[in-house]
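Protein chains in written order, with the working numbering: chain A, 1 to 658; chain B, 1001 to 1658.
Below: the structure, in structure tokens.
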């Protein structure tokens, strides 16, 4: 085995050791950091920066403050802890392994199917709340704390938040209401590591002076060093005497704490701006080995200082992986480039970002047009309504966030803007089921349905770079109504080829392959790849599947759909979305309109449950959305594997965005 | 004409009069109050309390501070004012009439089709933003202010907010971001009238000390008397010197200012609790005449004091209306009663409210079980996530708000809770297009689509009291998953009769009438009434329309739908919702599943545009959703009117909830 953890027995030995308490805590946390580092490297993705900044806090909590390890995970009198930001969950998993809640094999299955979700999920033992989208934690903890009082149960509720998370309005809703409702069995700890994603909180959307702010809402607030175990102990001890109001600890921490190069930002040579690199993503091989060395040294030194026999640290070797092709296409890259090009001749274009500028490929625009770039922080509702104000003044706002956050968190604000009949372009990044590592808070499979019933919105998902450029041009120059541009965030599994004479015409899709037995409509690089896989597999079985790229998710030209489907008895729509509220239902309606459903089979294939967490291929297979599953479902041929080798059909990169 | 306004010429005479400035302002505002009072009485609904509290502020602004009346409504250099809370718009309309922006006939068409929307809409001259759902205003104003700077245009942006509105998280998002973004050409004025809906802000969810809070976010904040014109003048003058940060004026005002009995709360005899009565709703005849007298006296006294010739005040007579039947059924009333009954034997039931307890008929529960009632204020996201925490602790939360706010504002929070596989009941009040007076921010025609793609949610809309009781029992005692109970808020236009042996079985609807030529599925009292109207009309034309009540909006029993539709060639679904994402698409999918669309006509009838504002009948007719329009569309018979008298088919109460 290439990746190996410090064994639980070593943690047990440490806990049992009679020695200096503070050193024991430090050593325990450092050993957890080691395991976290290994688990994230093996997973290929995960959030190290805030896992490391929160490690000392949760070590203190579980080993000293919470009764949960004594009374049991299901005991109604237990203390409750969870992380509202959620992406620090690799740290918590490592701790859970160290104290016996999770077995070793699970920790080595981070972000894998049947392993551990990329963000907290209550199906994992010890996890008290599903989190991963920011800002909900204090509200949820408040509910738990209220329930404890109502049910006359002992136990306090502790919730960890980020610092950038304090840009979310719901945080302030919950702070105000918790004070009013006198929720006194609640303690919030802010892991104040100063960086959100890759920039300083104070540069993105400053939350200081946070002590004064939260205090003004009637909370008891203290600010401490979140890496000082004695200060943590003293603070939590003192807070027991505060019994009339909710409590907050602002814990100053260091993002990436424990590995020297992860504790520092870096300065980009092009822009001269300073960014933090370790918010998400696994280290490359070199940094992995460098980081491991530091952690090993630190563990050895602490063990020596404590006087405990040397901690047994396993060897870790780099697993050789199939080399990732460097020429992968990213539609989001094409979007970023096209945005800059269009903006050069259109000074109405204003770009808004919700702290995801790098992922959304907005940095080029930001450097080129700094006075037309609005960084709004993690405040999607404010961003969207601000865009509404810009649009009312005649500007053309291009609003960016991940699809799951933008479409859902700011849904009413989007509707309100749309009522004003202005034009705004909403760019929904990270749309669809892949990458599946981050889990269901991030995978966006409801966004089409959330825009669907707004009367004046056009929803488009392009499948390749060319179509992305044409789609953005359409949105900027042609569309009279609001546009939603739905973009895959990862590398395209294959470059979808469009005909030479390709025209991007509203309501009309493009045939990618011929095939006489069935027709399948899909969109975006991920699912069109699977549809094409199905086509290739079925071709070998003499079953003809016509694959149609349909980027217009809610505009269907009736003549076109009539003509393209009329010779087919088997019609399929493959969604990168729930089967409800996506392209399939629009096509079904269109077919009903043209009275074209006589003696036809119509089948929408997509998600009918929550999207699973895992690698792209394992998750697509789980949901029956990979090429082979599709080919079987469509053709009804069971022994397809014997006809074609499955392995050649699915080529995925595992380098999932975070 | 029974309702008459003080003429614009009288306002002109006052403006031109050379006299004491403060007295002129006071008189102008009082004359606007008079016209507001008349307009709301004529409309039958509207928000008088906060119209009156904000009247002096907007009078000061438009006549003294804003340049808009001089430079014109479309001038790019204009100062911009709008109200974020929006329900105070009758006051603004009266002022717009007084200064010549709106003609008299429009002001007397408040909340009518082609008249003035119940909440602000940019299609009305002078209205700068669509508002009506709370909390978005500062964000939007921030966008406008940013745009002015970017476009190098003069003019400041002023936005009025409520006080209860400061419970919305977006307000704090925008306050934090506006300070960070140094939006210095923005002034927020809080109309701090102390009451939200019908209770004191300090009792619902206290926002004090608001000056300290907002100041801690880096704003320049002052607190003044919002009815003192000299203080207003001095304050706005001084604020011109604050050029480095956003500014906020906390204006202490009196809700209902100007009419003595509207300035006071009343104490309910049953509960002993104190409520405010004039947040919304028109006065009854007696109070109207009493209030008019007070305003007339005040106007006469001010005119005398000012020394201007007596203001010509027109007579207003009570319009005799058809008496409203008192035995009207309200499904929401049945809900409130059933909730109390079920809670008697189930102490897991916890009720959460977002400042709409009276409208949602929760007061009975609150009095019966005060320790199980959580008043969360206008903070829907916090309420929903708090419910998530309660559910995780084994309780059964019943979450209440208006459908448009609950389903949209808290959409991501609802999804997050659902991921945890707990059970929560979301009660979406004021669902559907009627009452149409409040306008599109309140009419909920997207909520089914917003819940649709969440895997573990059952959506139900009952049509009468009996079915409401059965639906709630199902949600509480039988459902394993989350439930959405979609409720009409107004009086049922007719009591829908269900069969004696009615059973409430998942996925199965009930035939209300027979009819051989076409079948129509619908739900809820409003649209079933129209479907039944269509049935009655068509019966006279020898066209048989079978009407089916289908309360299960996303669960269709395939055997049942197969069997009930098989003898029909014409299948209709009538939505109290957008045609997208409602019951129709679920039925269409079900019919596709049972291969049952051969040679059939399938038609979803519902909203394909924004819902109009007006009386129920005029709005239903506008959208072609009234019985007569339906009958024509279904039968294709054009001269139906000559066959049946239209008038007997539509019986509506105009007493719309607010």
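Note that CB positions come from ideal geometry on N, CA and C, so glycine has one too.
Note that the coordinates shown come from a computational prediction; the quantities given were computed from them, not determined experimentally.
Tell me, please, whether the CB atom of residue 682/A is closer than 8 Å to any CB atom in chain B? Residue 682/A is absent from the model: chain A starts at 1 and stops at 658.
Taking the alpha-carbon of residue 1294/B as reference, which of 1506/B, 1263/B and 1274/B has the nearest alpha-carbon? 1263/B
Which residues does DSSP pair with residue 1552/B in a beta bridge? 1460/B
For residue 1122/B, which residues in chain A fall below 7 Å Cβ to Cβ? 420
DSSP three-state assignment for residue 1708/B, whether helix, strand or coil: In the structure as shown, chain B starts at 1001 and stops at 1658, and residue 1708/B therefore has no counterpart that could be examined.
Exposed or buried, residue 219/A, counting other C-beta atoms within 10 Å across all chains shown (16 or more means buried)? buried
Who are the Cβ neighbours of residue 9/A in its own chain at under 7 Å, not counting the five residues just before and after it? none
Could you tell me whether the Cβ of residue 246/A comes closer than 8 Å to any Cβ of chain B? no
So the beta strand (DSSP E) residue 1483/B belongs to, where does it begin and stop? 1482 to 1486
Local conformation of residue 653/A per DSSP, three classes: In this prediction, residue 653/A scores a pLDDT of 41, lower than 50, which makes its location untrustworthy; no coordinate-derived value is stated.
Rounded to the nearest angstrom, what separates residue 327/A and residue 110/A at their Cα positions? 28 Å
For residue 27/A, the first and last residue of its enclosing alpha helix (DSSP H): 21 to 43
Quick one: is residue 657/A buried, meaning 16 or more other Cβ sit within 10 Å of its Cβ, or exposed? Since pLDDT at residue 657/A reaches only 40, below the 50 mark, its modelled position is unreliable, and the value read off the structure follows with that caveat. By the neighbour-count rule (16 or more Cβ atoms within 10 Å), residue 657/A is buried.
Determine the chain A residues that contact residue 1622/B at a beta-carbon separation under 8 Å, and present them in chain order. Residues of chain A passing the Cβ test: none, with the nearest at roughly 15 Å.
Using the beta-carbon count (16 or more within 10 Å), is residue 309/A buried or exposed? exposed
From this set, 482/A, 577/A, 366/A and 592/A, which residue's C-alpha is nearest residue 528/A's C-alpha? 577/A
Reference residue 1197/B; option with closest CA among 1580/B, 1275/B, 1167/B and 1133/B: 1275/B
Is the distance from the Cβ of residue 1605/B to the Cβ of residue 1630/B below 8 Å? yes
Unbroken alpha helix (DSSP H) run spanning residue 96/A, endpoints: 89 to 98
Helix, strand or coil at residue 1417/B according to DSSP, with G and I counted as helix: helix
Short of 6 Å in beta carbon distance, which residues of its chain neighbour residue 569/A, apart from the five on each side in sequence? Order them along the chain. 600
Quick one: is the Cβ of residue 1160/B within less than 7 Å of any heavy atom of the ligand COA? The ligand COA is absent from the structure shown, which contains no ligands of any kind.
Leaving out the 5 sequence neighbours to the left and right, which residues in its chain are closer than 8 Å to residue 37/A when beta-carbon positions are compared? 48, 259, 283, 288, 291, 292 and 295
Span of the beta strand (DSSP E) around residue 1621/B: Per DSSP, residue 1621/B belongs to no beta strand (DSSP E); it is in the alpha helix (DSSP H), 1616 to 1622.
Under DSSP, the beta strand (DSSP E) around residue 247/A begins and ends at which residues? 247 to 252
First and last residue of the alpha helix (DSSP H) that includes residue 1386/B? 1380 to 1392
Pairing CB atoms from the segment 396 to 408 of chain A with CB atoms from the segment 1418 to 1430 of chain B, are three or more of them under 8 Å? no
Quick check: is the beta carbon of residue 982/B nearer than 8 Å to any beta carbon in chain A? It is not possible to answer for residue 982/B, since the shown part of chain B is limited to 1001 through 1658.
Own chain residues within Cβ distance below 8 Å of residue 347/A, not counting five before or after: 372
Quick one: what's residue 349/A bridged to in DSSP? 396/A
Output, in sequence order along the chain, the residues in the segment 1282 to 1300 of chain B whose CB is closer than 7 Å to any CB in chain C. Any reference to chain C falls outside this structure, whose protein chains are A and B.
Can you look up residue 1011/B in the DSSP assignment and give me helix, strand or coil? helix
Using a Cβ-Cβ cut-off of less than 9 Å, give me the residues of the segment 180 to 198 of chain A that come near chain B, in sequence order. 180 and 181
Contacting positions in the segment 1124 to 1140 of chain B - beta carbon closer than 9 Å to chain A: 1128, 1129, 1130, 1131, 1132, 1133, 1135, 1136, 1137, 1138, 1139 and 1140
Which residue's Cα is closest to the Cα of residue 163/A: 112/A, 301/A and 87/A? 87/A
Residues of the segment 366 to 379 of chain A in Cβ contact with chain B at a cutoff of 8 Å, in chain order, please. 371, 372, 374, 376, 377 and 379
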